[in-house]
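Chemist: Here it is, the structure in full.
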Amino acid sequence: MKILITGVAGFIGSQLAKRLLNTGHNVIGIDNLNHYYDVSLKKARLKLLTDKNFLFYKTNIENLDHILDIFDSEKPEVTINLAAQAGVRYSLENPHTYISSNIVGFMNILEACRLYDVKHLIYASSSSVYGANTALPFSVHQNVDHPLNIYAATKKANELMAHSYSSLYDLPTTGLRFFTVYGPWGRPDMALFKFTKSIIEGHPIDVYNNGKMMRDFTYVEDIVESITRLIEKPSQPNKEWSGDQPDSGTSYAPYNIYNVGNNRPLNLIDFISSIEEKVGKKAIKNFLPIQAGDVPITYADVEDLYKKINFRPQTSIKEGVGKFVEWYIDYYKVKL
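Note that our numbering has the sequence shown beginning at 6, numbered continuously upward.
Right, dumping it as structure tokens:
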């Protein structure tokens with residue numbers, strides 16, 4: 006198949022593109038290589054994708070003319086939108102950036118998919134959409150109308166925008182609410198990367214909510230496996246859907262939402278302990294209150310995902326953290 010991936014130089018995008026190339030697909034990659042974090046890491050990820058079946062375009066998804074030109078030239082059968090301005094904390098400082106990338110950019114992808122008859126659009130949402138919800142585990146059938154930050158609000162907006170296109174134009178869309186993705190080639194702004202770097206270098210780490218945080222940490226290869234299995238399973242209308250009791254996770258239109266999480270939330274202190282064990286050094290912990298926009302716990306109900314693709318994320322924290330630390334030491338040539 007000919008598959009277009011936006012955010013292809015990103016953490017998930019690069020790993021997904023590598024898997025798809027290895028299984029014989031043609032991949033068209035789009036990324037703007039912005040400076041939100043180290044561009045050299047993004048370029049190093051792209052070097053993993055040296056393949057005759059890979060074509061790269063450096064552009065912004067906010068640029069509608071460029072996006073339409075690419076779709077017109079390449080005619081992708083499937084589009085996977087992973088491009089977005091990420092990060093909850095950064096959204097407190099630069100909210101307008103999230104509107105440009107996550108709203109305007111996603112609108113352009115939807116229009117391109119409509120105009121060029123894309124057979125399936127898969128897009129990244131986020132566990133952040135659950136916001137003030139406290140009923141655990143989080144289910145795609147819950148109402149999610151109380152986001153705690155603008156990043157979460159843009160991801161919720163993406164789901165609504167996708168539904169409108171599924172309804173109006175019969176475009177099959179699949180939204181994926183990712184839960185705290187981690188692993189090799191991860192982002193430097195994420196906890197595992199920052200904690201590992203600081204522990205190795207002997208610097209303190211900031212531990213929010215005095216360590217009383219729980220996250221459903223999900224290994225990147227489990228994310229990639231889930232997306233790969235979903236590619237050839239475009240959303241179908243739910244014939245039992247009723248407007249009297251509207252189900253948030255499905256629709257009368259070809260639209261679905263899935264949680265992609267490990268289904269086993271872990272205490273932040275235990276997460277740090279797994280890094281300490283692998284690195285062989287104790288962390289210097291700087292305990293702080295919970296930060297604005299953060300939620301104390303995330304926990305994914307993945308039964309809908311399992312029913313759809315007969316797979317649920319399953320990599321253990323010990324294995325996943327171990328693989329990340331090994332990658333970090335090798336990539337940065339660290340001597341312990």
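Beta carbons: idealized from backbone N, C-alpha and C, even for Gly.
Since this is a predicted model, take the numbers as computed values, not measurements.
1) Just curious, the alpha helix (DSSP H) that V83 is in, first and last residue?
2) Measuring only the C-alpha atoms, how far is L38 from H101?
3) If contacts are defined as beta-carbon pairs under 8 Å, then P152 and Y304 qualify, I think. What distance do you get, rounded to the angstrom?
4) Could you give the residue range of the beta strand (DSSP E) that holds P209?
5) Can you tell me the Cβ-Cβ gap for I127 and T179, rounded? I've got them flagged as a contact below 8 Å.
6) Who does A305 pair with in a DSSP beta bridge?
7) How many whole angstroms separate the CB atoms of N68 and G298, which I take to be in contact at a CB cut-off of 8 Å?
8) Alpha carbon to alpha carbon, what distance is there between N65 and E98?
9) Short of 8 Å in beta carbon distance, which residues of its chain neighbour S133, apart from the five on each side in sequence? Order them along the chain.
10) Which of the three DSSP states is assigned to A288 in this structure?
11) If you reduce the DSSP assignment to three classes, tell me which class R317 lands in.
12) I'd like to check one pair, L120 with V326: are the Cβ atoms closer than 8 Å?
13) Could you work out which residue in I204, P270, G15 is closest to L54 when comparing CA atoms only?
14) Between D211, F183, C118, which has its C-alpha nearest Y174's C-alpha?
15) Under 8 Å between the Cβ atoms of S231 and F329?
16) Assuming F200 and G266 make a contact with CB atoms under 8 Å, what is their CB distance in whole Å?
17) Rounding to the nearest angstrom, what Cα-Cα distance links I302 and P270 in this structure?
18) Just to confirm the assignment: which complete alpha helix (DSSP H) runs, minimum length 4, are found wholly within the stretch 222-264?
19) Taking C-beta to C-beta, are M218 and L273 nearer than 8 Å?
20) Opposite M219 in the DSSP bridges: which residues?
21) Does the beta-carbon distance from I17 to V145 come in below 8 Å?
22) Strictly by DSSP, which residues pair up with N68?
23) Can you give, in chain order, each stretch of the beta strand (DSSP E) that sits fully within the stretch 111-182 and has at least 3 residues?
24) Classify F61 as helix, strand or coil using the three-state DSSP reduction.
25) With H, G and I counted as helix, E and B as strand and the rest as coil, what does DSSP make of I205?
26) Pick helix, strand or coil for L310, following the three-state DSSP scheme.
27) Between P177 and S256, how many whole angstroms is the CB-CB distance? I'm expecting something under 8 Å.
28) Ignore the nearest five residues each way along the sequence and tell me which others in G191's own chain have a CB closer than 8 Å to its CB.
29) When you compare only the Cα positions, how much space is there between V123 and A288?
30) Could you round the C-beta distance between T223 and V186 to whole angstroms and report it? I think they count as a contact, below 8 Å.
31) Starting from the Cα of Y103, find the closest Cα among Y263, S279, A89, M166 and give me that residue.
Modeler: If we stick to the structure as given:
1) Looking at the DSSP string, V83 is not in any alpha helix (DSSP H); the run it does join, the beta strand (DSSP E), is 83-86.
2) Take the alpha-carbon of L38 and the one of H101: they are about 19 Å apart.
3) Incorrect: roughly 17 Å between the Cβ atoms, too far for contact.
4) Taken as a continuous stretch (DSSP letters only), the beta strand (DSSP E) holding P209 covers 209-212.
5) In this structure I127 is in contact with T179, their Cβ atoms being roughly 5 Å apart against a cut-off of 8 Å.
6) Partner(s): F143.
7) Contact doesn't hold; Cβ gap of about 29 Å is too wide.
8) 21 Å
9) V93, P152, L153, N154, Y156, A157, K160, V300
10) coil
11) coil
12) For V326 and L120, no; Cβs fall outside 8 Å.
13) G15
14) Of D211, F183, C118, the residue nearest in Cα terms is C118.
15) no
16) The pair is not a contact, with the Cβ atoms about 20 Å apart (cut-off 8 Å).
17) 8 Å
18) 225-236
19) yes
20) N272, I302
21) Against a cut-off of 8 Å, the Cβ pair of V145 and I17 comes out as no contact.
22) The secondary-structure analysis by DSSP pairs N68 with nothing; it has no beta-bridge partner.
23) 125-131
24) F61: strand per DSSP, three-state reduction.
25) Correct three-state label for I205: helix.
26) helix
27) Not quite, the Cβ-Cβ distance comes to about 11 Å (not below 8 Å), so this is no contact.
28) F16, L197, F198, V225, F329
29) 48 Å
30) Sure, about 5 Å apart at Cβ, within 8 Å.
31) The shortest Cα separation from Y103 among Y263, S279, A89, M166 belongs to A89.
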